[in-house]
Amino acid sequence: MSALAAANEVVTKALLRQVNVPGLDRPAALITLDNGFDHTKPNTFGPGGLTSLDEAITAALAANPAFVAVTGKPYVFCVGADLVSLPQIAGREQALEIGRLGHRVFARLKDSDVPTFAFVNGAAMGGGLELALHCHYRTLSGGAAALALPEVSLGLVPGWGGTQLLPNLIGIPAATQVVIQNPLMQNKMLRPRQAAEMGIADVLLEPADFLERSLEWAASVVRGEITVARPEVDRDMWDGVLFFARQMLDQRLHGAVPAANKALELLALAKEADFATGSAAEDEALADLVFSEELRSGLYAFDLVQRRAKRPVGAPDKGLAREVTKVGIVGAGLMASQLALLFARRLQVPVVMTDLDQARVDKGVGYVHAQIEKQVAKGRMDKGTAAKLYGLVSGSVDKGVFADADFVIEAVFEDLGVKKQVWAELEKIVSPEAVLATNTSSLSVTAMAADLEHPERVVGFHFFNPVAVLPLLEIVRGERTDDATLATAFAVGKQLRKSCVLVADAPAFVVNRLLTRFLGEIFTAVDAGTPLEVADSALDPLGLPMRPLALLQLVGPAVAHHVGGTLHAAFPDRFGLSDNLKRIAESGQPVMVDDEVNPEVAKLLVVGDTPLTAEQVRQGALDALAQEIRLMLDEGVVAEAQDIDLCMILGAGWPFHLGGVTPYLDRTGTSERVTGARFLPRGAASLPA
1 MSALAAANEV
11 VTKALLRQVN
21 VPGLDRPAAL
31 ITLDNGFDHT
41 KPNTFGPGGL
51 TSLDEAITAA
61 LAANPAFVAV
71 TGKPYVFCVG
81 ADLVSLPQIA
91 GREQALEIGR
101 LGHRVFARLK
111 DSDVPTFAFV
121 NGAAMGGGLE
131 LALHCHYRTL
141 SGGAAALALP
151 EVSLGLVPGW
161 GGTQLLPNLI
171 GIPAATQVVI
181 QNPLMQNKML
191 RPRQAAEMGI
201 ADVLLEPADF
211 LERSLEWAAS
221 VVRGEITVAR
231 PEVDRDMWDG
241 VLFFARQMLD
251 QRLHGAVPAA
261 NKALELLALA
271 KEADFATGSA
281 AEDEALADLV
291 FSEELRSGLY
301 AFDLVQRRAK
311 RPVGAPDKGL
321 AREVTKVGIV
331 GAGLMASQLA
341 LLFARRLQVP
351 VVMTDLDQAR
361 VDKGVGYVHA
371 QIEKQVAKGR
381 MDKGTAAKLY
391 GLVSGSVDKG
401 VFADADFVIE
411 AVFEDLGVKK
421 QVWAELEKIV
431 SPEAVLATNT
441 SSLSVTAMAA
451 DLEHPERVVG
461 FHFFNPVAVL
471 PLLEIVRGER
481 TDDATLATAF
491 AVGKQLRKSC
501 VLVADAPAFV
511 VNRLLTRFLG
521 EIFTAVDAGT
531 PLEVADSALD
541 PLGLPMRPLA
551 LLQLVGPAVA
561 HHVGGTLHAA
571 FPDRFGLSDN
581 LKRIAESGQP
591 VMVDDEVNPE
601 VAKLLVVGDT
611 PLTAEQVRQG
621 ALDALAQEIR
631 LMLDEGVVAE
641 AQDIDLCMIL
651 GAGWPFHLGG
661 VTPYLDRTGT
671 SERVTGARFL
681 PRGAASLPA
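Residue numbers (the UniProt record's numbering): 1 to 689.
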């Protein structure tokens, strides 16, 4: 393991110092985790980091301290295992060794006769949070940005005590949420207040003087002035909670994520097993999962989201970006209103919406104000911030309010003629340098700008619904979009905290093109006579976030039919027009009712007499995706297959265990069979040959 650490590991050192705390008769030992970089490269644990912590604990205890505390460098406690070195693990025994090493070192804090504290000053995920759980007491900063046990999303389980300690600390319902449910919900993080309310932390402290207050609080505990009371865990409900959790996993994932089922087994073990038995079971689970295809795809996806998304391929020099001091939004409907709130919150500049009449404008501004009020009511926004946002968002029926806007985005009806008319009007009002952004989901940015005097300042800025939740932003470069416009778009996207991917001006861009092809195959099967329920459930073995008909419900049949029409016009040989989809769209009927196919929708269908099996539907959809991705790469829609996967993960919620989409197509042999080659080199998102 030492050779592995030296070759691959950025070692997080455990730096020990003695701290005099008022009211104690001897110093406390404070261990600070620090890998020598700023917060953009968080602390992680590999063998070298664990060895450093082990040595620091030994030295700390040897000094007979009043207590031992572990904290992190600014903004970061520790985000867990060193994932970079995981693919380098050579064999099962080596995987067992690193699992046992983490357990042994962390257990020294759990088993210590000297009181131990975790001062969780910042991000604490995976093994970092597990380290904190081993300490006798935990303080938590209100500024900690990310708290989670995300391992299941990667294809692992919390392997350093998390599955055993957490349920016995906060109870099985909350532990199941943190260990399984949150990772499968796009890796949902806990907020500090939520973590404290669950009982993960014993006290929540302000970030400004967090370390000082933590030391004072710890001293009060040691002196007996503060007694930490923890409620008794209800064991009677343990089996029932896990039974329902297993049912939900089976319904949603159908065995596609082995790590989720393994985590359930470990949580079940935690009910009665002693800690040594539970730790050994975690070691065995870790050793099994390290050599799974799902983990390799998960690590690949994690790298895309954490690294590639932060350095968009093809983005111009950020120094070319223009300053944005005011934003204009054409439209005041739901999408436009969501955009107004997002721009105001993130850019902190005036945002003005326009629409055809005052009633629509008032409704849009009213929506924004209502959303702000909800945030205040939930304690997620203070009244001062709310008051500022109220003042930043306004509306008007006069497009003249855009005269001094630096960035104007339209969110009007998805019709090329309508959008061209909007830009023709606006070009006479805004300055020549103002960026004109379109939120089109499928139309040509180049065609939209063709008749303008300055087409070079038009750019695609495609958000995904719900705007506040989905992190992807497809930035579309038209044929004449210049670098300054593109750089400004990327700069604004970053300020909005979106992950931006540069895409060429091709019909429906990336996510909508692939999802439309995907849904098209489902409806081809339905049109042929395949029962709706069979076609809808055919993709279950992939463990997608939702079935096709639920996706259709979310997108809206009318929108799906419209985008399908755009793609049919561009590629009629691959994108057919389903009369059944048209009937559903025109009916206005909901596709789903109470999570079941609406029987009224089923009555609308006119079908053939050659039904397909679920396997045929599934393979047809996968084959279509492989073909379309190869064509998109050949066309240069994006730079590489990695960008396709990043878009599907962040814009469509496709899971990490698939690696987005191309690793799964490679893994199943679909890529080579359909297109003649893999999308990724063997070992990039899969086990080595």
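Beta carbons are placed, not taken as given, at the ideal position from N, Cα and C, and that holds for glycine. Please read all numbers here as calculations on a predicted model, not as lab measurements.
Own chain, CB closer than 6 Å to D115, minus 5 neighbours either side, in chain order: Asp is not the amino acid found at residue 115; the sequence shown has Pro there. Correct list, in chain order: F67, H136 and V222.
Beta carbon of L416 nearer than 8 Å to that of M448: yes
Neighbourhood of N8 by C-beta distance below 8 Å, restricted to the same chain and skipping five residues each side: G46, D82, V84, S85 and Q88
CB of V233 within 8 Å of CB of W217, strictly: no
Residue burial classification, P507 (beta-carbon count within 10 angstroms, cutoff 16): buried
For H561, the nearest candidate out of I584, F571 and R547 (CA to CA): I584
Residue of L289, V105, G126 and L502 minimising C-alpha distance to N182: Of the candidates L289, V105, G126 and L502, the one whose C-alpha sits nearest the C-alpha of N182 is G126.
Any non-hydrogen atom of the ligand MG closer than 7 Å to A69 Cβ: Absent from the structure shown: the ligand MG. Ligands present: none.
Whole-number beta carbon distance between L109 and I170, since they are thought to touch under 8 Å: Actually they are not in contact, since the Cβ atoms of I170 and L109 sit about 19 Å apart, beyond 8 Å.
Beta carbon of V179 nearer than 8 Å to that of L166: Their beta carbons are under 8 Å apart, which means V179 touches L166 by this criterion.
Where the beta strand (DSSP E) containing M648 begins and where it ends: Here M648 belongs to no beta strand (DSSP E); instead the alpha helix (DSSP H) covers A641 to A652.
Span of the beta strand (DSSP E) around A124: A123 to M125
Three-state secondary structure (DSSP) of T40: coil
Buried/exposed call for residue 692, threshold 16 Cβ in 10 Å: Any property of residue 692 remains undetermined from this structure, which presents the chain solely from 1 to 689.
Between the CA atoms of F463 and R345 - distance to the nearest angstrom: 16 Å
Contact set for A624: own chain, Cβ-Cβ below 8 Å, skip 5 residues either direction: Here A624 has R517, F518, G520, E521 and R574 as same chain residues with Cβ atoms under 8 Å from its own Cβ, once five neighbours each way along the sequence are excluded.
Residues of its chain near T325, where Cβ-Cβ distance is below 7 Å and the 5 sequence neighbours each way are ignored: V349 and D406
N- and C-terminal bounds of the alpha helix (DSSP H) containing R191: Taken as a continuous stretch (DSSP letters only), R191 belongs to no alpha helix (DSSP H), as it is neither H nor E.
Residue range of the unbroken alpha helix (DSSP H) whose run includes D536: L532 to S537
Beta strand (DSSP E) segment containing R138, residue limits: Y137 to S141
Same chain, Cβ closer than 7 Å to H254, neighbours up to 5 away in sequence not counted: D540, P541 and G543
CA-to-CA distance, L156 to L249, given in whole angstroms: 16 Å
Close beta carbons around G620, own chain, < 6 Å, minus the five adjacent residues each side: For G620, same chain residues with a beta-carbon under 6 Å away, outside a window of 5 residues either side, are E521 in chain order.
Delimiting residues of the beta strand (DSSP E) encompassing Q18: K13 to V19
Residues bridged to D415 (per DSSP): None, per the DSSP bridge assignment.
The segment 31 to 41 contacting the segment 12 to 22, beta-carbon criterion three pairs below 8 Å: yes
Member of R191, F37 and G588 whose CA lies at the smallest distance from the CA of V601: G588
Cα-Cα separation, S214 to T139: Between the alpha carbons of S214 and T139 lies a distance of about 6 Å.
Selection from V430, L443 and A315 that minimises the alpha carbon distance to V412: It is L443.
K399 versus L577: straight-line alpha-carbon distance, rounded: 38 Å
DSSP-derived helix/strand/coil call for F656: The answer is helix: DSSP assigns F656 an H, G or I state.
Counted within 10 angstroms of its Cβ, other Cβ atoms place N64 as buried (16 or more) or exposed: exposed
Between the CA atoms of L470 and A332 - distance to the nearest angstrom: 20 Å
Neighbour-count burial assignment, F77, 16 or more Cβ in a 10 Å radius: buried
Residues near G683 in its chain [Cβ-Cβ closer than 6 Å; skip 5 each side]: none
Where D34 falls: helix, strand or coil (DSSP): strand
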